[in-house]
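Residue numbers (the working numbering): 1 to 48.
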Amino acid sequence: TQDDLAKKADVKYTTLTKVESGVVNKPSVQTMAKIAKALGVSIEDLIK
């Protein structure tokens, strides 16, 4: 779930949902790196 991913990535649930929905269109590299690591993909894969 999104909540599980947020916990695994060590980011706030609200941050994750805002990034995912496009509300935050320029998330920090640090945030993207945490999400990518939690998903087991590269940052480049996330922004494709």
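The C-beta atom is built at its ideal place from N, Cα and C for all residues, glycine as well.
None of the values given here were measured: they were computed from a predicted structure.
Spatial neighbours of S42 within its chain, please: CB distance less than 7 Å, with the 5 preceding and 5 following residues excluded, ordered by chain position.
A36
Rounded C-alpha distance that separates D10 from K26:
18 Å
So what's S21 in DSSP terms, helix, strand or just coil?
helix
Cβ-Cβ distance between T31 and V23 below 8 Å:
no
What's the C-alpha gap between V29 and G40?
16 Å
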